[in-house]
Amino acid sequence: MDRELGALVITAAWLGFLHTVLGPDHYLPFIMISWARKWSSAKTAVITFLCGIGHIASSVVLGLVGVSLGLVVRRLEIIESFRGNIAAWLMIGFGLAYMVWGLRRAYRKQSHSHSHFHVHSEEHAHTHSHLGDHAHVHDGKAGASITPWALFIVFVFGPCEVLIPILMYPAAEKSFPGVLLVTAVFATATIGTMLGIVLLSRAGVNFLPLAKLERFTHAIAGATICCCGLAIQLLGL
Numbered sequence: 045m046d047r048e049l050g051a052l053v054i055t056a057a058w059l060g061f062l063h064t065v066l067g068p069d070h071y072l073p074f075i076m077i078s079w080a081r082k083w084s085s086a087k088t089a090v091i092t093f094l095c096g097i098g099h100i101a102s103s104v105v106l107g108l109v110g111v112s113l114g115l116v117v118r119r120l121e122i123i124e125s126f127r128g129n130i131a132a133w134l135m136i137g138f139g140l141a142y143m144v145w146g147l148r149r150a151y152r153k154q155s156h157s158h159s160h161f162h163v164h165s166e167e168h169a170h171t172h173s174h175l176g177d178h179a180h181v182h183d184g185k186a187g188a189s190i191t192p193w194a195l196f197i198v199f200v201f202g203p204c205e206v207l208i209p210i211l212m213y214p215a216a217e218k219s220f221p222g223v224l225l226v227t228a229v230f231a232t233a234t235i236g237t238m239l240g241i242v243l244l245s246r247a248g249v250n251f252l253p254l255a256k257l258e259r260f261t262h263a264i265a266g267a268t269i270c271c272c273g274l275a276i277q278l279l280g281l
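What follows is the structure, given as structure tokens:
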């Protein structure tokens, strides 16, 4: 390995770490959804890992096509920017829909009472909520089948802006194996950082006094994801 390729490898590791830490959309959705749905650490890690693979793979495929066909970087940057806009709007839409569903669920879960009379008996009240055991089971199944796929689709559209112009194209001037090496290092750093932040943060949430917010966990998770999308779209994070 020559010095220039070695420098690219180090840069790839640093950029993989840095762009993940500075992009809250890389980890906040997983932290909040895991908290709201009470996912285990193993399930959280698997879903985060698969979404990270989808996130990296889409840009890698685009970069390899560009390198193979000799396309100019500018054209690929335009495509990546377009994909970024789609990902941002998908995240906004998903977060908003999840927040509305969470608010509706929180309202149905709120306990209240109905007063009524029995023959030869005094008036009395029964306290209950509209989210009973039967409804809970179906809600859980629907969320388990839809939510991870929604996150995966959002992350597949999300581009890695620094990967193609800063790492893949310069590495391609050396050798094709150099492109694969730089890409692998970047992917490992990115996904490793995602997993580290998500799992540590998710474990930390368990120590916070959030019992009073339990009814609104899904709504809070949706609002957070929506804000991440807005931050990408409006602030360019």
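The numbering used here numbers the first residue of the sequence shown as 45 and each following residue consecutively. Every residue gets a Cβ at the ideal spot worked out from N, C-alpha and C, and that includes glycine.
Quick check on DSSP: helix, strand or coil for residue i?
| i | result |
| --- | --- |
| W83 | coil |
| E205 | coil |
| L59 | helix |
| K218 | coil |
| P68 | helix |
| P73 | helix |
| V111 | helix |
| L252 | coil |
| V105 | helix |
| V229 | helix |
| V117 | helix |
| L175 | Caution applies to L175, whose pLDDT of 49 falls short of 50 and renders its modelled position unreliable; the value that the coordinates give is listed next. Coil at L175, not helix or strand. |
Would you kindly check if the distance between the Cβ of residue j and the Cβ of residue i is under 8 angstroms?
| i | j | result |
| --- | --- | --- |
| W79 | Q277 | no |
| A263 | A150 | yes |
| M135 | G273 | yes |
| L282 | C270 | It is not possible to answer for residue 282, since the shown part of the chain is limited to 45 through 281. |
| L243 | S84 | no |
| A233 | A56 | yes |
| S103 | L195 | no |
| L49 | K256 | no |
Among the options, which residue has its Cα nearest to the Cα of residue i?
| i | options | result |
| --- | --- | --- |
| M76 | G273, L279, A275 and A267 | A267 |
| T92 | M238, F230 and G222 | M238 |
| G222 | F126, S125, L195 and V111 | V111 |
| H63 | T261, K82 and I241 | I241 |
| G146 | V116, G114 and T191 | T191 |
| F138 | H99, I197, R152 and K218 | I197 |
| H99 | R119, V117 and H70 | H70 |
If residue i and residue j are in contact, beta carbons under 8 angstroms, what's the gap, nearest whole angstrom?
| i | j | result |
| --- | --- | --- |
| L211 | V200 | That belief does not hold up - the Cβ atoms of L211 and V200 are roughly 20 angstroms apart, past 8 angstroms. |
| V229 | V53 | 5 angstroms |
| E121 | P214 | No, E121 and P214 are not in contact; Cβ-Cβ is about 15 angstroms, not under 8 angstroms. |
| G202 | A131 | 4 angstroms |
| Y142 | A231 | No, Y142 and A231 are not in contact; Cβ-Cβ is about 28 angstroms, not under 8 angstroms. |
Using a Cβ-Cβ cut-off of 8 angstroms, state whether residue i counts as contacting chain B.
| i | result |
| --- | --- |
| F230 | Note that chain B does not occur in the displayed structure, where there is just one protein chain. |
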